[in-house]
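Asks:
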Amino acid sequence: MTSKTPVPARRARWWTLLGRDRFAVVAAVLLGLVLLTAVLGPLLIGDRAVRQDLRASLRPPSFDHGFFGLLGTDVLGRSVLARLVDAAGTTLSVAVPAVLCSLVIGATLGMWAGFHGGLRENVAMRVADVILSFPSLLLAVVVLYVFAPSVGNIVLILAIARIPVYLRTARAEAAELKSRLFVDAARTFGATSWPTIYRHILPIALPTLLTVATLDFCFVMLTESSLSFLGIGIQPPEVSWGLMVAQGRQYLQTAWWIAVLPGVAIVVTTVSATVLAAWVRLATDPAQRWRLTLPRRARPTTTEVTA
Amino acid sequence: NSPSGDTGDAGGTLRVVLAQEPPTLEPCEASLTATGVVVRSNISEPLLERDPGSGELRPLLATAWRQTAPNTWTFDLRGGVTFHNGQPFTAQDAAFSIDRAVNSDLQCNVDGYVFDDDEELGLEVTGDTGLTVHTGAPDPILPLRLSFVEMVPRTTSTTAKVREPIGTGPYAIESWETGVAITLRRNERYWGEPPAFPRARYVFRSEPSVRAAMITRGEADLATTLNPEDATEDNSVAYPNNETTALRLDGREAPLDDIRVRKAIGLAVDREGIVGTLLAGLAEPAAQLVPDGVVGFNATLRAAPYDPEAARALIREAAADGVPVDRKITLIARNTQFPRVAETAEALQYELAQVGLNVQIQMADTAAHLEYQLRPFPVDAGPVALLIMHGNQAGDAAFTTSQYLRAGGPQSTFGTPELDARITEAGALSGPARQDAFAAIFAEQNESVAQYVHLAHMRGLLGRSRAVRYEPDSATGDELRLAAVRPAAGEAR
Amino acid sequence: MNAAATTESTSDTTAAVALEVDGLCVDLRTPAGTVRAVDQVSFSVRRGRTLALLGESGCGKSITAQTIAGLLDPIAEVAGGAVRVAGTDVLKLSRSERRRLAGPVLSIVFQDALTAMNPVQPVGRQLGEPFRIHRKLSRRAAREKAIELMETVGIPEPRARARSFPHQFSGGMRQRLLIAMAVALGPQVLIADEPTTALDVTVQAQVMRLLRELQEEREMALVLITHDLAVVAEQADDVAIMYAGNVVETGPVREVFADPRHPYTRGLLDSVPEHGVRGRPLHAVPGSPPELSAVPTGCVFQARCPKATDLCAEQRPRLSTTGSSRSAACHFPEELSHA
Amino acid sequence: MPDTLLEVSGVRKTFRVARNRLTALDGVDLRIGRGETVGLVGESGCGKSTLARVLMLLERPDEGTVSFAGVDPFTLRGKELLAWRRRVQMVFQDPFASLNARMTAAELIGEPWRTHRDVQPTAAARAARVRELLDLVGLRAGDAERYPNEFSGGQRQRLGIARALALEPELIICDEPVSALDLSVQAQVLNLLAELQERLGVSYLFISHDLSVVRHVADRVSVMYLGKVIEHGPAEAVFDQPLHPYTAALMSAAPSLDVSGSARPERILLQGELPSPLNPPSGCRFRTRCWQATDRCAAEAPPVVSREAHEGLCHFPLAAAAASA
Amino acid sequence: MGTFLRKRVISSAIPLVFVVLGVFCLARLTGNPVNLYLPLSATAEQRAAFSAEHGFDQPILVQLGDYLGQIVRLDFGTSLRTDQPAAEMVLTAFPATLQLAAVTMLIATLGAVLIGCLAAYRPNSVADRISSFLSMTAASIPDFWFAIMGVLVFGVSLAWLPTSGVSGGPEVWVLPIATLLIRPFGVLVQVVRGAMVAALSAPYTKVARSKGASEKRVVFGHALRNATTPALTVAGDLTIGLVNGAVVVETIFGWPGIGKLMIDSILQRDFAVLQAAVLLTAVTIFVLNIVIDLCYALLDARVRQVVPA
Ligand SMILES: Nc1ncnc2c1ncn2[C@@H]1O[C@H](COP(=O)(O)OP(=O)(O)OP(=O)(O)O)[C@@H](O)[C@H]1O
Ligand SMILES: Nc1ncnc2c1ncn2[C@@H]1O[C@H](COP(=O)(O)OP(=O)(O)OP(=O)(O)O)[C@@H](O)[C@H]1O
Ligand SMILES: [Mg+2]
Ligand SMILES: [Mg+2]
Ligand code: NI
């Protein structure tokens, strides 16, 4: 913010707040690891993610085959560990842009629609209805067959399909907030619609949108995996966790590690993201932040008197 | 107290689980795998059939047949056969059925697949049991072709496909609950040996592991196409299914227009590895498009050895001659074409990349795959390596060569005039001469054309519970003869 | 129900103390650390009497009220003291025992009438709820009771309006509904936190009359929190003046207003606009109250007191008797009265 | 009389409520002179806040004109409008809802500068000014980083006042600015407002239900009832010699600090609820609660009666002496 | 209420038109199905004849016009694949999906409300953490993976449930429902919890407590009703997702529903069926949206109208 008063420690720093929530710390560390893996992992594993060895097919996880054999091999004899690392990047490069795109587009449209109301709102909502009642699979098939299944196209489809969710959420919030007195107050200062949306609607709607986005993060990964299940997802030799789960499902009985490990990676990532989103929600809400700053010992559980 | 599930109770009902629901049971579509597996030889029957083992033709509704003139074949039909509706089967019905399948506008799948489209057959009925067929040109394999035509009563519509056909087979349709199950009931007036099970019920599960689970669990007796990883000795049995997989290289586009590159691809593929690991030993390395047993199979051909060094050398050589070997080649495969098709594509991609080619995989659905498989091919597709699977059900190489090897063949990207000439020549021959001529053609393709890099002669996996006895043969994938299924010894049904 | 029964037995002594707050301390756990928002607050109200709680905004009146009602936000914590209702220390009661008191014995009207009603329930239902909870009446009977209540607080056509939702009432009506809800079971003690701040004078007069009637009728002890000295003067018997979490003066309204013994009280009385001539600056207490995290060790008012001495800086004055029924927390109460 | 800064004439504002039209303002006239304070009193729901919102261009009137220093602000656009916004500010009635709960006090007070960047161009200047404003309204510098929920009701109201002062406007519309404040802070705030008026010649529209406060600050007073100004005039005249029975009732209902309890005149207690603005009474709007209403009041709209600068709308205006009776 | 409904219906009908147009055009983009339906060796003339018969040779606008004309006459065309009327196929498949969706959402909503309330009652308590963690995990498990595990464990190893299928007792419902349930359930628990935490710190809950209301009464009598609105929005979106076809579950368990029909139609380029299916689901979603809006109005009087006194 613009004005800084020389009074320290009034506002707890975010890492202090984070430190107060053990679960959030763990989640942040895990997410950080996933991110690091996605960025630096490919440097470490070289071509191990694609190197095949038909003679080393379906080895179970063990210590006998070096670092890359730790988590076993898949049917083509590729190291599952290396593939998990390689897939982290692809998965995130699909899920993150897809979620971000739909979040940005949906939220912007939704807030704009909700803020202005009337015809603009009606049109935006009907657009959302169209997308929602559209079979996204058809869209996927069309785009992927007509324009080839590249990562960019998958991102595009997933983003379009999820826009209505944010649009609706943001619109509902904005429609409710626009009649609040502090928005009127902003108008009396001469603030026009976008600055008002940015200053007053967005900060309040954002935690909700973020929660939706983390749930969606998971949804996008799963959808990508379902696309692979139907054979129209990420194309090999590119690999994503979703694709690994989809391909590995056949081996659930004989080689569980192929499908289970990437599944665990998806679960861990999304659960971490959600835990962190819940923390952000608390930490950004002045009325709720006390939950984080209270000493843990005496953290009361309900709003009833504690005496 | 075991829950009976979808397949009904075990007593007296043969429970079969298919990978997909047949879109129709129209007999003239019986050459479609999905339809034929229910219809053929269960509900309706052709005049004669090809023994999948020996390749010999066997009588079914016809007891004898002979070529009475170069353009004429005569069939003696079985008497005393009745349709499920009680009508007797006569030569009239036979003529009607052939006419309906071949000459009508129904656009049946047999029409065109086994017969040339514009071919009109002349049909002549003599009495109740005599049928004479006139062809435009001499046709040495007309009986074989007719083995794809199922017999239906005269009353069948000629303008619309039928949903629940009437035939002469050992089973008649009892009910078809769309999406759920097809139930057949034993035809008590069947002319041949009566089947063991009074009822049969087909259900549909597209997930292979679920099909395997149903067998293991005892919810089904037979299941089509299992995946190798789900197969155990208790729940399945392997059988050669006549299918051959190969990479078809589009020789019109650089760098695939250079035979050295095509041959290098042949050398780069580790067939033993693919067959042994990916296909779980359920296949054999292939050197030609047809398996043993088909007329024209060349027993002397050996699959190219796995020799990446030699392949690299060839590619270097081509590159030195200015062939753009690093141009991107699209490797197109079809989802669920055969178990582990995606992995196979990945293995191929990797192996080709190892010898210095730039290959990208594209998995397609059936419709998209067909766009590439059939003429007219998509323009601007660049160099395409198409992973195909060819099944020669008819048992004669003529079907294969005219489609896949002719320069202008509907499923062939290029060819040579010499090869075309030899194919035409061979088609007119019969007997050992025919065999030798086609065998030489396959050798020639490998030597001087190399449009195909053959991978493997495939084997199918049939899910089979211990409660039944049934030995699959090479035709099982297309026709599952319920009459041949018997309860396992000791099991009272 | 039990509590109601006990009420009957103790009601013979009219002058009995209905509510006694004794040395109450409440801590707030803010991000910057724990601060004491209410410090050693003591006062008592007898049956049928009204105590006005006055004080600078932010001095802890609402927190005191919420502590008495047992409805503190989790951020606050009672650090000591006792709140005795009819002799029992409610702070020591278990939750379910407290619940039994809430309504028939002790009731509260909240400061913010606009948000205090459940927006999705018809008001009749909300008004009938105390009867459903404590008297175990049927839905129907509770509704009848609610309609009666609405009539008592002067809502026209109560039968029809019982089905309306809170947003369909004006601010004044909502405030009256809240009061009706609070007095439904005739509590012995009612705490009203700025019940008329949002209302104009005519409605305010109606509300105040209503409270007075109820009080007379049911011998209710009333703790009235307000900023309006005029209302205090008209309505209250006793007054307690708070400053920075401390009670600085208590006593009967007339006496205190006529002769304040604490400089803050004095300042407050002087600030009333009625005193001034239009245009002339109002007499205001200079400065502002101490920050809760930096309340001085001595007298809480020292920084703004014109008469502060070294003693004020060192020692916190105790609330000590300065008249027959009065007390003030000032080292020099007498001096002030003669000033 | 000072020259006119703001003039409102014949402003009507209706709201759509379900299928009905609710007339919140029904032909309101108002004039505020430069450097003058006009008090606006009236029963809750009579349209005071709505008028304030119209003046702030938050609602567009259905009829009537607003003119600020000779221009109709509703015709302004872009830069001109922005410049106008600087000149007129408002203190909102509800201190809970008019502050964004996610902004700190410093951000809240500094919010107007984010649009009007030229007022406090540097961050340091802004921070210093925030401290000054906090001090002006009796808050501490340490409060700058606190969030609204950490303030008590009165403290929040002070934030609202500080924010309205941030742009140093010429006219401040104060909608119940001191109702949530305790007396000593109220005195501080009122003094502050008076001082600003003296120093900078700021004008106020002062909406309040606390008559003693209005009396203290206002030069002239308008009394509203059900969307209409029923009486207006110099403060002394309106307070001491009301023309309209409603004004008289209002005056008498006000509690007084006089604890002696002797000289208190009999209160006029009005009967019945405020009639619904959806369906206002015919003729004189006050007749349903007026103790001297006749059939004429129902039939005819009341005429304007005036006593010098003091005007009222009534068929039976109270005599000059009646006010104190 | 009447006007509200009328307006809502009219404004929602427009998207319906767009859905129909969109599906029509997108479907055509996937290419001519002639290869799929004609023998591999069909001649050019045969292909042309096939295209002509089904109108695929016409310019897309002409095809569209024909199609719209058909729809107006309530003729939804014939399936290329099975030669049956498309409407009939879609109508046979739809109830199966609707039943699944209804049962799933019923269980998910009830369960999520219960667990969400319990979790919100003591935010950040152990119970809250555990339920949040479990629900989140549930929401992020790939459904086909869960389904196949279910088949293997409960169908084969333990033999408690049938592996798949639709005919049989109630036990055939267990695995499909469980598979469909996990994600909506997980998501709803999160949403209900969030809304309940907010509702439980609202002033009116304090007022309810001041009346002596028990915790049960506060949670279920006061807070829950207020927390329903956000939960309803999400539940609506989730239901829409289910109505649009539970492709994976229907595929794995052989459940003859609309999702499987749709994906098969897409893969088989069976345009008539696809269009009919999308039209039907779009209409259903359209009705569903209106029902949800009505629910809002029923739950919250403020939505219905604003009438100040
Ligand atoms: N959540 C909170 N965090 C930090 N400080 C708080 C919080 N809630 C209240 N306070 C502080 O506690 C003090 C007492 O607040 P309280 O609401 O009791 O004041 P009050 O006397 O009721 O004031 P008013 O008359 O303005 O309503 C105030 O200084 C306020 O700033
Ligand atoms: N946006 C709106 N929609 C419908 N009715 C409204 C709207 N705003 C105000 N009203 C109505 O207009 C009338 C005047 O409201 P207004 O807020 O101006 O009253 P007020 O005089 O400020 O009252 P108070 O003293 O209680 O603040 C009221 O009846 C109110 O219900
Ligand atoms: Mg307070
Ligand atoms: Mg107002
Ligand atoms: Ni004074």
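Residue numbers (this note's numbering), protein chains in the order written: chain A, 1 to 307; chain B, 1 to 493; chain C, 1 to 339; chain D, 1 to 325; chain E, 1 to 309. Note that the Cβ used here is the ideal one computed from N, Cα and C, for glycine as well. Keep in mind it's a predicted model, so treat the numbers as computed, not measured.
1. How many angstroms separate the CA atom of Phe316 of chain D from the CA atom of Gln292 of chain D?
2. When Cβ atoms are compared, which residues of the segment 19 to 47 of chain B fall closer than 7 Å to chain E?
3. Asp210 of chain D to Asp200 of chain C, Cα distance in whole Å?
4. To the nearest angstrom, report how far apart Met220 of chain C and Arg139 of chain C are at their CA atoms.
5. Under 7 Å between beta-carbons, which chain B residues line up against Leu222 of chain A? List them in chain order, please.
6. Between B:Arg260, B:Val325 and B:Arg340, which has its C-alpha nearest Ile274 of chain B's C-alpha?
7. With a threshold of 7 Å, establish whether the CB of Gln197 of chain D neighbours any heavy atom of ligand 2.
8. Touch check for the segment 249 to 265 of chain C and the segment 64 to 79 of chain C: three-plus C-beta pairs under 8 Å?
9. Can you determine whether any heavy atom of ligand 1 sits closer than 7 Å to the C-beta of Cys25 of chain C, and answer yes or no?
10. Flag Asp26 of chain D as yes if its beta-carbon sits less than 8 Å from any beta-carbon of chain G, otherwise no.
11. Give the single residue among E:Pro123, E:Thr30 and E:Val166 whose Cα lies nearest to the Cα of Thr326 of chain E.
12. For chain D, is any of its Cβ atoms less than 8 Å away from the one on Arg169 of chain A?
13. Only counting the same chain, and skipping five residues up and downstream in sequence, which positions put a Cβ closer than 7 Å to that of Ala167 of chain A?
14. Taking Phe348 of chain D as the reference, which of D:Asn20, D:Leu250, D:Arg131 and D:Leu76 has the closest Cα?
15. From Val17 of chain C to Thr14 of chain D, what distance separates their C-alpha atoms?
16. Under the criterion of a Cβ to heavy atom distance below 7 Å, does Ala112 of chain E qualify as lining ligand 7?
17. Please list, in chain order, the chain C residues whose beta carbon lies closer than 7 Å to that of Leu299 of chain E.
18. Which residue marks the beginning of the beta strand (DSSP E) containing Val23 of chain D, and which one marks its end?
19. In chain order, which beta strand (DSSP E) runs of at least 3 residues are fully inside the segment 119 to 150 of chain E?
20. So, does the CB of Thr208 of chain A fall closer than 8 Å to a CB anywhere in chain D?
21. Can you tell which of B:Thr129, B:Ala450, B:Tyr404 and B:Pro165 has its C-alpha closest to the C-alpha of Gly266 of chain B?
22. Helix, strand or coil for Tyr306 of chain B? Go by DSSP, reduced to three states.
23. To the nearest angstrom, how far is the alpha carbon of Leu146 of chain B from that of Ser79 of chain E?
24. What number of angstroms, rounded off, separates the C-alpha of Asp322 of chain A from the C-alpha of Tyr306 of chain B?
25. Quick check: does the Cβ of Ser44 of chain D come within less than 7 Å of any heavy atom belonging to ligand 2?
26. Between Leu40 of chain A and Pro285 of chain B, what straight-line distance do the alpha-carbon atoms span, to the nearest angstrom?
27. Can you tell me whether Asp365 of chain B is buried or exposed, with buried defined as 16 or more other CB within 10 angstroms of its CB?
28. Nearest to Ile240 of chain E by alpha carbon, out of E:Val248, E:Thr284 and E:Tyr204?
29. With H, G and I counted as helix, E and B as strand and the rest as coil, what does DSSP make of Arg78 of chain A?
30. Between the segment 180 to 196 of chain B and the segment 21 to 28 of chain A, can you find at least three pairs of beta-carbon atoms closer than 8 Å?
31. Quick one: any contact between the segment 126 to 138 of chain B and the segment 63 to 82 of chain B, if contact means 3 or more CB pairs under 8 Å?
Replies: Quick look at the numbers:
1. 8 Å
2. Pro23 and Thr24
3. 7 Å
4. 27 Å
5. Neighbours of Leu222 of chain A on chain B: none; closest Cβ ~17 Å, over 7 Å.
6. B:Arg340
7. no
8. no
9. no
10. The structure shown contains no chain G; its protein chains are A, B, C, D and E.
11. Residue 326 of chain E lies beyond the stretch modelled for chain E, which goes from 1 to 309, so this question has no answer here.
12. It should be pointed out that residue 169 of chain A corresponds to Thr in this sequence rather than to Arg. Thr169 of chain A does not count as touching chain D.
13. According to the sequence as given, residue 167 of chain A is Leu; it is not Ala. Excluding positions up to five away in sequence, the list reads Gly106, Leu109, Gly110, Ala124 and Ala128.
14. Lying outside 1 to 325, the shown extent of chain D, residue 348 of chain D is not represented and no answer is given.
15. 53 Å
16. Inclusion of ligand 7 in the displayed structure is not the case, the ligand content consisting of ligand 1, ligand 2, ligand 3, ligand 4 and ligand 5 alone.
17. Val120
18. Looking at the sequence itself, residue 23 of chain D is Thr, so the reference to Val does not match. Asn20 to Gly33 is the extent of the beta strand (DSSP E) around Thr23 of chain D.
19. The qualifying runs do not exist here; there are none.
20. no
21. B:Ala450
22. In the structure shown, the three-state DSSP call for Tyr306 of chain B is coil.
23. 29 Å
24. No answer is possible for residue 322 of chain A: it lies beyond the span of chain A, which begins at 1 and ends at 307.
25. True, at least one ligand heavy atom lies under 7 Å from that Cβ.
26. 41 Å
27. buried
28. Out of E:Val248, E:Thr284 and E:Tyr204, E:Thr284 has the C-alpha closest to the C-alpha of Ile240 of chain E.
29. Note: Arg78 of chain A maps to coil in three-state DSSP.
30. Result no; under three Cβ-Cβ pairs closer than 8 Å.
31. Three or more pairs of CB atoms, one per stretch, sit closer than 8 Å, so the segment 126 to 138 of chain B contacts the segment 63 to 82 of chain B.
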